[in-house]
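Chains as they are written, first to last, in the UniProt record's numbering: chain A, 1 to 192; chain B, 1 to 192; chain C, 1 to 192; chain D, 1 to 192. Here is the structure we will look at, set down as structure tokens.
There are 4 protein chains.
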Amino acid sequence: MVVLTGEMILEFLETLENHIRELRTSIDMESVGKLIESIVSSRSIFIMGAGRSGFVAKSFAMRLMHLGYNVYVVGETTTPKIKKDDLLITISGSGETSSVVNITMKAKSMVGSKIAVITSSPNSSLAKMSDVVVVIKGKVKTEKDDRISKLAPLGTMFELTSMIFLDALVAELLNIKGLTEDNLKEKHAILE
Amino acid sequence: MVVLTGEMILEFLETLENHIRELRTSIDMESVGKLIESIVSSRSIFIMGAGRSGFVAKSFAMRLMHLGYNVYVVGETTTPKIKKDDLLITISGSGETSSVVNITMKAKSMVGSKIAVITSSPNSSLAKMSDVVVVIKGKVKTEKDDRISKLAPLGTMFELTSMIFLDALVAELLNIKGLTEDNLKEKHAILE
Amino acid sequence: MVVLTGEMILEFLETLENHIRELRTSIDMESVGKLIESIVSSRSIFIMGAGRSGFVAKSFAMRLMHLGYNVYVVGETTTPKIKKDDLLITISGSGETSSVVNITMKAKSMVGSKIAVITSSPNSSLAKMSDVVVVIKGKVKTEKDDRISKLAPLGTMFELTSMIFLDALVAELLNIKGLTEDNLKEKHAILE
Amino acid sequence: MVVLTGEMILEFLETLENHIRELRTSIDMESVGKLIESIVSSRSIFIMGAGRSGFVAKSFAMRLMHLGYNVYVVGETTTPKIKKDDLLITISGSGETSSVVNITMKAKSMVGSKIAVITSSPNSSLAKMSDVVVVIKGKVKTEKDDRISKLAPLGTMFELTSMIFLDALVAELLNIKGLTEDNLKEKHAILE
């Protein structure tokens, strides 16, 4: 029988609470404004990320679909060719995930699509090749920090914080478009 | 040009902060203890969820793999047959998602596997057929609440809170197993 | 060192060759005509299958996208709600795969979408609830046949034959639409 | 009403029949023997492909799991780090698909894993960096051939032929391991 004090769970939750408070007071609304502008003005939106950042990317893509945007996940079955008027949003804490970097380079050089990145690393390869850079703090996989390593190993802090930020962005987009929850339900898949 | 006050973003983040504080003070450590016991004592762990809860499920499954568990996502390519000594963990806010209910019924009746559910709905079909029920509060898709509907439509609040809770659980499991971040890196896919 | 006569490989290929010849001489063009008519007249096309039949479904969905159809795979991230004017195409050898049966029932009863099935089993649950039934012979998982069991176990014969049939259908659709390979390239994802 | 002669369907099936006959008489059993040897002697097998070749890869991976091998699809949720004693099998008609080339380079240079490729292009980048090369003829996406372009556009011929070849390989592996269909059923997922 596991005797559970739940000490790590409580410490994790407290740490995350503080992390969200910090995000709230430090978020750069100018870059967020540019991201929103890119989203509302693009013909189609393509989204990608690898590993757990890929699941964050997919969660955001699903909500953009509910909001009525023309949105695709890179690598899914019926995702078409990206075009010049389209936006590619990438999610990568380190900004160096090789598959994401390679594909972003292709979208930029072969097609000339607009590129946005959600990342912890403003000086990364992905940040350098992106038109819009939204920085979300979070210990990234390559950094070292003993306490955080034990609570939120690898990219956990970035993944959670970017997932939360993107759902906050959905609230903002919902408001901008003047939509209600019922409009979203109209789009929500029922075959699940 | 979008003039962004970011009001909804900030309100969303504050709401989530309060929601996490509430989770921290109200979480039922006895059911969490049972979930941990089931995880550490099972031969293999199978995980499933639909839609955005499915991405939460996959994010957790990936970390369990990093922790050294024998873990599979229901529906992925090389997931084998579930057996009697295995644990099926489902994630569903409403506890009524039909594909998840149907598959859980099969695992229970045809195989006799142990079932655990992360849900907002302690009286749901999934909760009733599960051996372990961890309740994570969060407006679920079928509830109504005007302010929350505009900030966190559909299952957003449950999805975020269960993702956060499961990463807190990973911190606890890391501690129980006496593992460090470096042990996790040993398992982390590099082909991405 | 494995000494490979390749006897089973050669026998498998010969068996498949005969199987395709049989398909060619026995295929019911009336039901195929109805399937084509449903495809060309629907607003959107939704496709699904489980296991290896699911990969056949996705391969076909990708080509329909290349052909310019508005097509979605059930369960993928940005797949919207199915509507009355839409077509659901299911692929199931036995016609009894429970997740596919359950979802088809929902699309039929809750929405009233048109249903088509590619199956080996004209008397199955899926065949009975479908408006269009295309029968593709192939030992299905529940049948018994010793020689075939050793060469093409489980649903192999159905999966291969339905994959081949659906690519033959693509050739027909390409001709009907008067498209060339270059038109398809225009749609083919480059971000891969 | 579509008046369907089915001419293209029948021509497609006849073409494929001839293509399989050609495969049967021309297949290089020495390279196939090396592939089998790599499969049976590796600790774990990792499989990857992009687009429709990716679905061929997954179909094969599922059968290797049924056969009892320790097998993973690159990019799926619980796929661990590849190691030196592992085998990476890639499927690519052109042998130049950039994501597959990049990942294979990583597996080779960073880990030293064994590499095998199923391809139409014996002089491609992937063929050059692979220890085992199995050539499967099929018009690849970059070739030109008018009649085939209309019947089997893009990579269709390679995708179908490699899917068929890999199922023939499964028959051979089933025989080598002395397994029956019932052994495979023991592994086949029931949660679908």
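Note that beta-carbon positions come from the ideal geometry of N, C-alpha and C, so glycine has one too. Here the structure is a predicted model, which means the values were calculated and not measured.
Subject >> Assigned secondary structure, A107 of chain B (DSSP; H/G/I helix, E/B strand, else coil) >> reply: helix
**OP:** Check whether the Cβ of L35 of chain D sits closer than 7 Å to any heavy atom of the ligand MG, and report yes or no.
**Re:** As presented, the structure is devoid of all ligands, the ligand MG included, so that no description of it is given.
Subject >> Euclidean distance between Cα positions of L88 of chain B and P153 of chain B >> reply: 28 Å
Original post:
Would G75 of chain C count as contacting chain A if we go by Cβ distances under 8 Å?
Top reply: yes
Original post:
Is the Cβ of residue 263 of chain C closer than 8 Å to any Cβ of chain B?
Top reply: There is simply no residue 263 of chain C to check, as chain C begins at 1 and stops at 192 in what is shown.
Subject >> Interface residues of chain A facing L174 of chain C [CB-CB closer than 9 Å] >> reply: What L174 of chain C touches in chain A: nothing, since even the nearest Cβ is about 17 Å away.
Subject >> For T25 of chain D, the first and last residue of its enclosing alpha helix (DSSP H) >> reply: 7-26
Subject >> Cross-chain neighbours of A152 of chain D in chain C, by beta carbon under 8 Å >> reply: Correct list: D167, A171.
**OP:** Identify every residue that forms a DSSP beta bridge with F46 of chain B.
**Re:** B:Y72, B:L88
Original post:
Given that residue 234 of chain D touches chain B, what residues does it touch there, using C-beta distances under 7 Å?
Top reply: Absent from the model: residue 234 of chain D. The displayed extent of chain D is 1 to 192, so no value can be given.
Original post:
Can you give the Cα-Cα distance for D167 of chain D and M157 of chain C, rounded to whole angstroms?
Top reply: 9 Å
Subject >> Touching by the beta-carbon criterion (3+ pairs, under 8 Å), the stretch 42-55 of chain B and the stretch 54-69 of chain A >> reply: yes
Original post:
If we ignore side chains and look at the alpha-carbon of each, how far apart do K83 of chain B and V71 of chain B end up?
Top reply: 13 Å
Original post:
Alpha carbon to alpha carbon, how far is L35 of chain D from D28 of chain D?
Top reply: 11 Å
Original post:
How far does the beta strand (DSSP E) with T119 of chain C in it reach, from first residue to last?
Top reply: 114-119
**OP:** Look at the alpha carbon of E7 of chain A and the alpha carbon of G33 of chain B, and state the distance between them as a whole number of angstroms.
**Re:** 12 Å
Original post:
Roughly how many angstroms lie between the CA atoms of S113 of chain D and D85 of chain D, to the nearest whole one?
Top reply: Approximately 6 Å, taken between the alpha carbons.
**OP:** Name, please, each residue of chain B whose Cβ falls closer than 9 Å to the Cβ of F158 of chain A.
**Re:** Going along chain B, no residue has its Cβ under 9 Å from F158 of chain A, so there is no contact; the nearest lies around 12 Å.
Original post:
Quick one: does S99 of chain A have its CB under 8 Å from some CB of chain D?
Top reply: yes
Original post:
Considering only residues of the same chain and omitting the five flanking positions on each side of L91 of chain D, which have a CB-CB separation below 7 Å?
Top reply: The displayed chain sequence assigns Ile, not Leu, to residue 91 of chain D. Counting only Cβ-Cβ distances below 7 Å, and skipping sequence neighbours, we find G49, S53, V56, A57, I118, S162.
Subject >> Contact with chain A by M62 of chain B, beta-carbon distance below 8 Å >> reply: yes
Original post:
Taking the alpha-carbon positions, what's the S98 of chain C to S121 of chain C distance?
Top reply: Straight-line spacing of the CA atoms in S98 of chain C and S121 of chain C works out to 15 Å.
Original post:
For S125 of chain A, is the classification buried or exposed, using 16 other Cβ atoms within 10 angstroms of its Cβ as the cut-off for buried?
Top reply: Burial state of S125 of chain A is buried, judged by a 10 Å Cβ sphere holding 16 or more other Cβ atoms.
**OP:** Starting from the beta carbon of L35 of chain A, find every residue of chain C whose beta carbon is closer than 9 Å, and list them in chain order.
**Re:** The contacting residues do not exist; L35 of chain A stays about 19 Å from chain C at best.
Original post:
Of the residues A:R147, A:L184, A:V135, A:S130, which one's Cα is nearest the Cα of G155 of chain B?
Top reply: Just measuring C-alpha positions, the residue of A:R147, A:L184, A:V135, A:S130 sitting nearest G155 of chain B is A:L184.
Original post:
Out of curiosity, what's the CA-to-CA distance linking L191 of chain C and S44 of chain B?
Top reply: 35 Å
**OP:** Return the first residue and the last residue of the alpha helix (DSSP H) that H66 of chain A is part of.
**Re:** 51-66
Subject >> Whether R21 of chain B touches L10 of chain A by CB criterion (8 Å) >> reply: no
**OP:** List the DSSP bridge partners of V133 of chain C.
**Re:** C:V117
**OP:** Determine the direct distance from the alpha carbon of E186 of chain D to that of residue 223 of chain D, and round the result to whole angstroms.
**Re:** The requested residue 223 of chain D does not occur in the structure, where chain D is confined to residues 1 to 192.
Subject >> Buried or exposed (CB count within 10 angstroms, at least 16 for buried), G138 of chain C >> reply: Classification for G138 of chain C: buried.
**OP:** Verify the CB distance criterion: does K84 of chain B have a CB-CB separation below 8 Å to chain A?
**Re:** no
**OP:** Pick out whichever of D:G68, D:V134, D:L160 has its Cα sitting closest to the Cα of E17 of chain D.
**Re:** D:L160
Original post:
Are the C-beta of M163 of chain B and some C-beta of chain A separated by less than 8 Å?
Top reply: yes
Subject >> Which listed residue (C:S38, C:L67, C:E96) has its alpha carbon closest to that of D182 of chain C >> reply: Between D182 of chain C and the set C:S38, C:L67, C:E96, the nearest pair of CA atoms involves C:L67.
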